[in-house]
Amino acid sequence: MPRIKIHIPDDITLRIREALIESGQHECGGIVMGEHVGHEEFRVSDLTIQRKGGTISRFVRAVASFVSSLAAFFDRTNHRYRQFNYLGEWHSHPLFALQPSNDDFVSMREIVDDPEVGANFVILILVRLNNDQVEGKVWSLLPGGAFNEAEVIRNGAHYERQ
Ligand SMILES: [Zn+2]
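418 is the number of the first residue of the sequence shown in our numbering; add one for each residue after it.
The structure is reproduced here in structure tokens:
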């Protein structure tokens, strides 16, 4: 499978950085919403930040924490789901390498294999602080597949083309 490209705008990186600073050695994370900008190419438009539920080694996501954010994103982008949709999840690995854990694999497989989610693929963004700067790796997963590392492109202004 070709490598998926993920653009991460600077304002998203800044929000992640703040969450990482606040959470310290506890994991934090949430869902990732994005825009399809080219062949196998996506830009992160928004994300939710959940601080509760993080332990040192594991991040437990609370469904109630993101349903309204996702609905608001769909409203804002006029329900053009082919262009703007749920992309996946992000969370921090403050004390571990930016490799998906076995739990990460199990939970992401549940999401990508869930017919109600209806995703062709999902991404998992893993982040941590390194000298106060955000270090991240993005992994993509197809139904029935294994994690593939995506190409990360960091860039400037974040916008949603209407
Ligand atoms: Zn993890």
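Every residue, glycine too, gets a C-beta built ideally from N, C-alpha and C. Computed from a prediction, not measured in an experiment: that's the story for all the values here.
- When C-beta atoms of the stretch 441 to 455 are compared with those of the stretch 493 to 510, three or more pairs fall below 8 Å, so the two segments count as touching.
- As DSSP reads the structure, Val544 sits in a beta bridge with Ser509 and Gly553.
- Every beta strand (DSSP E) stretch that sits fully inside the stretch 424 to 498 and reaches 3 residues is listed by chain position as 446 to 455 and 458 to 464.
- With a cutoff of 9 Å on beta-carbon distance, Trp556 and Pro532 are scored as not near each other.
- Taking Leu541 as reference, the option from Gly561, Asp530, Gly562 and Ala567 with the minimal CA-CA separation is Ala567.
- Listed in chain order, the non-local C-beta contacts of Asp530 below 8 Å within the same chain comprise Pro560 and Gly561, local neighbours out to five positions each way being set aside.
- Annotation: the continuous beta strand (DSSP E) that includes Ile570 extends over Glu568 to Asn572.
- Here Leu512 is exposed: its Cβ has fewer than 16 other Cβ atoms, across all protein chains shown, within 10 Å.
- Between Asn565 and Arg420 the beta-carbon gap is near 7 Å, inside 8 Å, which marks them as a contact.
- At least one heavy atom of ligand 1 is found less than 8 Å from the C-beta of Glu444.
- Boundaries for Arg420: no alpha helix (DSSP H) harbours it, and the DSSP string shows neither H nor E there.
- With a cut-off of 8 Å, the C-beta of Leu543 is classified as near ligand 1, since at least one heavy atom of the ligand falls inside that distance.
- When secondary structure is reduced to three states using DSSP, Asn537 falls in the coil class, being assigned neither helix nor strand.
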